[in-house]
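These protein sequences, in sequence, are chains A and B.
Our numbering puts the first sequence at residues 125 to 430.
Our numbering puts the second sequence at residues 1332 to 1852.
A short write-up of the structure that comes next.
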Amino acid sequence: MKGYILRRIGYCLLSLFLLSLTIFFFVRVTGDPATLMVEPGASQADLDAIRQQFGLDRPLWVQYAAFMASLLSGDLGQSFYYREPVMSLYLSRLPNSLLLAFVAMGLSLVIGIPSGILASVRVGRFWDNAGKLFALLGLSLPSFWVGLVMILIFSVYLGWLPSSGSGTPLHLIMPAFALGWYFAAAHMRLTRSSMLEVLGSEYVKLARLKGLPEALVIAKHAFKNALIPVLTLAGINLVIMVNVAVVVETVFAWPGIGRLLYEGITFRDFPIVQGVVLMGGAMIVVVNLLVDILYAVIDPRIRLER
Amino acid sequence: MASSGAGAQLTRRDLLAVAALGVAAGAAARPARAAAPAGQLTYAVHVSLAPTWFDPAETLALITPYMVLYALHDAMVKPMPDNLMAPCLAQSWSASEDGLSYEFVLRQGVKFHNGEPVTAEDVKFSFERYRGAAHELMQEQVAAIETPDPQHVHFKLKKPWPDFLTFYSTASGSGWIVPKKYVEQVGDDGFKRAPIGAGPYKFASFTPGVELVLEAFEGYWRKTPAVKRLVMKVIPDEATRLAALKRGEADIAYSIRGELAEELEHTPGLSLKPVVLQAPNWLYFPEQWDPKSPWHDQRVRQAVNFAIDRDGMSKALFGGYCKITDSIIPYTFEYYWQPPEAVYDPEKAKKLLAEAGYANGFDAGFLYCDSSYSNMAEVSVDNLAQIGIRTKLEPIERAAFFAGYTSKKYPRGIIQGASGAFGNAATRLATFVVNGGAYCYGNYPDIDALYPQQADEIDRGKRAAILEKMQQLVYQKAIYAPIWQLGFLNGTGPRVGESSFGRIPGFAYTAPFEDLTIKGA
């Protein structure tokens, strides 16, 4: 078991190293940030001074070595735009992203799971078709459009909710819904298919033959088992929601990590893009590592196979 | 010692008068307005506010930081309504006859937000601490700064530099004054966290990426601001900014374009506030120095100038709020020469093309542009097609486009360029026309020969004549097809009295902040 865990940790570190290498070089392919820090037509001396100030005039490998050296000491570098440590910027935005992600996830589960169950027990009937339509809309309507339509209806026309910003529970409603909407559809589809699979299994048939009420069969025997893949997906989706709610956070001016990434991309702020991507990658790697370890604990065959 | 330059168009005699007025008005600077500030105005800002904008020493060659600098800080000399070189912390200044020194007299009784007086030492410290745009150039030119007493500052130059005041007052942040004692006490990072300036508004709080809160500084020398509190909220999405304005969550919204601007204009209670930026757009013909290219013929380039429907384009894309100057130099710049009015005449364009031997037009290759402004380039492609010049639009992401433009990656076809850089006519010509300019794909010896003649010329009249001649040559040779100075569209809500939009020519944002008012307050 110890060897297995060490192997998995080794893979994780290798993944993060490859991620750091990829993101470091990819952001530099996108162009020269100095040109975005001045007005077009600024003097060459000003451009050169900026490149020198941020170390962009050094060879790439020197920049990468410096980046890795800082990374190993927990330093994600300093933002070109904000001139603040990326780590402190990230941590200042993290609570907002976590709050938004948890509320959006809650909404997506509250909407997705019951509608998925309803669709699965009414296959081919009205609720199933309504669920399919909901899933289709949820997965195909872009979140920026959903967000803007919500602002138009609930802020501009009805005047019920603030159009943007943060600070009160009312500020959270629209961005959480716009973010959760897509995931609700995904959760609904998975719940439906998972429920259908479980409802066709032998033990559910046995439960019905025993004469148990249908509600009890669905709630106790089918739903519990069908929930496992849904919750697994929800866990991964939560990490995605925290790190890449770029569009929703931008539309609603929500000060989270997604908007930080948007700003990083907009201003070619390499340290911000690198930092946010690496932190997101680290979260996913750690979650996967924990899942792998849990699987190995539950099923000894896994640790022997690998 | 002779007085010099209080404004772009002022003579020495005018300056003396201005200086005398300054002495009279500023002998004991105190707020002109007695009423206490009241109320709050909320801004919906289109870009993230960066702490570097709180420190004038960090000012890059970018106009956006001035959105905050005008509120928090004050400069010795800065652009103000009706005077692009207005005496502010300096009540007057003069230049020596040989152009080797400038003497500034500070306004008396001016204080920083912490109550400390603004002194000559602060002026010297701010200049020496400055590390933003044109920093190296200014350090190279200035030999020494002397502060004989707290009210006087002498800048000694290594050689005559007629652009000293341009750079000190408008093209850099070196003339914006910070309190020496406080900066030394808290350090650079501490200063950005809690900046103290001499501007009309004091720093109250800042949440990166969210909002900046400013409080009126009742001791501001020019006048006590009428509005007590300003909240600048960052709302990156344009439609959301408009929604915030409609709901009254914001009173002033920056950058509302296209159809949204039209909607704003037609919404009762809201007002569209267009301002003309010091950012001209143009078409450039990099092949004009190649004798084998159609662009080598001046008539072909002139034809393009007649083919562009600037008015139509402005109405379609910017509500008609762009300013058509027919120059690549902003009309607000010192030494600007106004070319004849641009004319839209496709028939004349076709005739010129026929005279040049291209009656059936020609394939001109790509029209390269910054993708942010590809809508303008689309109209140009269409206008050119109407006279037979066939081009393909090649929008390129902003940073890559300007990197390609300067590194001469587009030697064929047409380039749609732009510049919002600070300076004057001379600095623009140096960058875009004269041999060695960062954006020049070729040069004309007659124009090049004129450039050094004006560079050290301290007689303003003679210098203006040379620079006008250079601009006339640029126009006659049709090196460029200027399009316009871009209109920047903003909105205000029903509570706003004086918004200060457009009061400082070429400035994109609301300033002077001390003039802002709330209706009925």
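Just so you know, even glycine gets a beta-carbon here, dropped at the ideal spot from N, CA and C.
From a predicted model like this one, the values you see are computed outputs, not experimental measurements.
**Asked** If you draw a straight line from the C-alpha of B:V1454 to the C-alpha of B:A1547, how long is it?
**Response** By 1-based counting over the second sequence, the position of residue 1454 of chain B is 123. By 1-based counting over the second sequence, the position of residue 1547 of chain B is 216. Whole-angstrom Cα-Cα distance: 23 Å.
**Request:** For B:D1386, count neighbouring Cβ atoms within 10 angstroms of its own Cβ and tell me buried if that reaches 16, exposed if not.
**Result:** Walking along the second sequence from the start, residue 1386 of chain B turns up at place 55. B:D1386 is buried by the Cβ-count criterion.
**Message:** Within a Cβ cutoff of 7 Å, which residues of the same chain sit near B:K1489, ignoring the five residues on either side of it in sequence?
**Reply:** Position 158 of the second sequence holds residue 1489 of chain B. So the qualifying residues of the chain are Q1472, A1474.
**Request:** Taking only the alpha-carbon atoms, compute the straight-line gap between B:A1366 and B:V1558 and give it to the nearest angstrom.
**Result:** Residue 1366 of chain B sits at position 35 when you count from the first residue of the second sequence. Residue 1558 of chain B sits at position 227 when you count from the first residue of the second sequence. Spanning the two alpha carbons is a distance of roughly 10 Å.
**Message:** Can you pull the chain B neighbours of A:I275, defined as C-beta to C-beta under 8 Å?
**Reply:** The residue you call residue 275 of chain A lines up with position 151 of the first sequence. The contacting residues are A1570, T1571, A1574.
**Message:** Could you check whether the Cβ of B:G1822 sits closer than 7 Å to any heavy atom belonging to the ligand ATP?
**Reply:** This structure lacks the ligand ATP, and indeed carries no ligand of any kind.
**Prompt:** Taking DSSP as the reference, what is the three-state secondary structure of B:D1694?
**Reply:** Mapped onto the second sequence, residue 1694 of chain B falls at position 363. The answer is strand: DSSP assigns B:D1694 an E or B state.
**Request:** Output yes if chain B places a C-beta closer than 8 Å to the C-beta of A:R207; else output no.
**Result:** Walking along the first sequence from the start, residue 207 of chain A turns up at place 83. Yes, because at least one Cβ of chain B sits closer than 8 Å to the Cβ of A:R207.
**Asked** What number of angstroms, rounded off, separates the C-alpha of B:P1567 from the C-alpha of B:V1378?
**Response** Taking the second sequence and counting its residues from 1, one reaches residue 1567 of chain B at position 236. Taking the second sequence and counting its residues from 1, one reaches residue 1378 of chain B at position 47. For B:P1567 and B:V1378, the distance between alpha carbons rounds to 6 Å.
**Asked** So who's on the other strand from B:R1834, going by DSSP bridges?
**Response** What you label residue 1834 of chain B is simply residue 503 of the second sequence in a count that begins at 1. Bridge partners of B:R1834: none, in fact.
**Residues near A:W251 by beta carbon distance below 7 Å, same chain, minus five either side** = Position 127 of the first sequence holds residue 251 of chain A. Answer for A:W251: L242, A243, listed in chain order.
**Asked** Near B:E1854, what residues of its chain come up, given a Cβ to Cβ distance below 7 Å and the 5 sequence neighbours on each side ignored?
**Response** The question about residue 1854 of chain B has no answer, for chain B in this structure spans 1332 to 1852.
**Prompt:** How would you label A:Q202, buried or exposed, when you count the other beta carbons within 10 angstroms and need 16 or more for buried?
**Reply:** For the purposes of this step, residue 202 of chain A is identified with residue 78 of the first sequence, where counting begins at 1. Note on A:Q202: 16 or more other CB atoms within 10 angstroms of its CB, so buried under the neighbour-count rule.
**Request:** Go ahead and pull the three-state DSSP assignment for B:M1411.
**Result:** Numbered from its first residue, the second sequence carries residue 1411 of chain B at position 80. It is a strand residue.
**Asked** Are any of the Cβ atoms in chain A nearer than 8 Å to that of B:T1373?
**Response** Counted from its first residue, the second sequence places residue 1373 of chain B at position 42. It does not; no Cβ of chain A falls within 8 Å.
**Asked** Roughly how many angstroms lie between the CA atoms of B:N1755 and A:A193, to the nearest whole one?
**Response** One-based indexing of the second sequence puts residue 1755 of chain B at position 424. One-based indexing of the first sequence puts residue 193 of chain A at position 69. Whole-angstrom Cα-Cα distance: 45 Å.
**Asked** If we call anything under 8 Å between Cβ atoms a contact, is A:F394 one with A:S288?
**Response** Numbered from 1 along the first sequence, position 270 holds the residue referred to as residue 394 of chain A. Numbered from 1 along the first sequence, position 164 holds the residue referred to as residue 288 of chain A. Taking 8 Å as the Cβ cut-off, A:F394 and A:S288 do not qualify as a contacting pair.
**Message:** Please tell me whether A:M407 has its Cβ less than 8 Å away from any Cβ of chain B.
**Reply:** The count along the first sequence starts at 1 and reaches residue 407 of chain A at position 283. The beta carbon of A:M407 does not come within 8 Å of any beta carbon belonging to chain B, so the residue lies off that interface.
**Message:** Applying the 10 Å Cβ sphere with the 16-neighbour rule, what's the burial state of B:A1812?
**Reply:** Here residue 1812 of chain B refers to the residue found at position 481 when the second sequence is read from its first residue. B:A1812 should be labelled buried.
**Message:** What would DSSP say about B:Y1532, mapped onto helix, strand or coil?
**Reply:** By one-based count along the second sequence, residue 1532 of chain B stands at place 201. If DSSP states are grouped into helix, strand and coil, B:Y1532 belongs with the strands.
**Request:** Please confirm if A:M432 has its CB atom under 8 Å from at least one CB of chain B.
**Result:** Chain A is shown from 125 up to 430; residue 432 of chain A falls before or after that span and cannot be answered.
**Request:** Taking only runs that begin and end inside the stretch 272-341 of chain A, name each unbroken beta strand (DSSP E) of 3 or more residues, in chain order.
**Result:** none
**A:L272: contacting residues in chain B (beta-carbon distance under 9 Å)** = Locating residue 272 of chain A in the first sequence gives position 148, where the first residue counts as 1. Taking a Cβ-Cβ threshold of 9 Å, the residues of chain B close to A:L272 are D1568, A1570, T1571, A1574, in chain order.
**Request:** Step through the CB atoms of chain B and report whether any lies within less than 8 Å of the CB of A:V401.
**Result:** Along the first sequence, one-based indexing puts residue 401 of chain A at 277. Chain B contact via Cβ: absent.
**Helix, strand or coil at B:K1623 [DSSP, three-state]** = The residue labelled residue 1623 of chain B in the question sits at position 292 within the second sequence. Here B:K1623 sits in coil by DSSP.
**Message:** So A:L384 contacts chain B; which residues on that side make the cut at Cβ distance below 8 Å?
**Reply:** In the first sequence, the residue the question calls residue 384 of chain A occupies position 260. Simply G1540.
**Asked** Which of helix, strand or coil does DSSP assign to A:P238?
**Response** Here the question's residue 238 of chain A lines up with position 114 in the first sequence. If DSSP states are grouped into helix, strand and coil, A:P238 belongs with the helices.
**Item:** 8 Å Cβ cut-off: residues of chain A touching B:P1382
**Value:** Counting from 1 along the second sequence, the entry for residue 1382 of chain B is found at position 51. Those within 8 Å of B:P1382 in chain A are Y206, R207, E208.
**Neighbour flag for B:F1616 against chain A, beta carbons, 8 Å** = As a first step, residue 1616 of chain B must be located in the second sequence, where it is residue number 285. It does not: the Cβ of B:F1616 has no partner Cβ on chain A nearer than 8 Å.
**Meets three-Cβ-pair contact criterion under 8 Å: the stretch 337-356 of chain A and the stretch 402-412 of chain A** = no
**Request:** Go ahead and label A:D170 buried or exposed: buried means 16 or more other beta carbons lie within 10 angstroms of its beta carbon, across all protein chains shown.
**Result:** On the first sequence, position 46 is the one that residue 170 of chain A refers to. It counts as buried.
**Prompt:** Between which two residues does the beta strand (DSSP E) containing A:F178 stretch?
**Reply:** As a working mapping, residue 178 of chain A is identified with position 54 in the first sequence. Careful: A:F178 lies outside any beta strand (DSSP E) and carries neither H nor E.
**Asked** Can a CB atom of chain A be found closer than 8 Å to the CB of B:R1630?
**Response** Walking along the second sequence from the start, residue 1630 of chain B turns up at place 299. With 8 Å as the cut-off, B:R1630 does not count as an interface residue toward chain A.
**Prompt:** Quick one: Cα of B:N1774 to Cα of B:K1487, how far?
**Reply:** Walking along the second sequence from the start, residue 1774 of chain B turns up at place 443. Walking along the second sequence from the start, residue 1487 of chain B turns up at place 156. If you take the alpha carbons of B:N1774 and B:K1487, they lie about 34 Å apart.
**Prompt:** Do B:L1561 and B:L1403 have their C-beta atoms closer together than 8 Å?
**Reply:** Stepping through the second sequence from its first residue, residue 1561 of chain B is reached at position 230. Stepping through the second sequence from its first residue, residue 1403 of chain B is reached at position 72. Contact: no.
**Request:** Name the one or two DSSP bridge partners that B:A1421 has.
**Result:** Along the second sequence, read from residue 1 onward, the residue named residue 1421 of chain B stands at position 90. Residue pairing by DSSP puts B:A1421 in a beta bridge opposite B:L1437.
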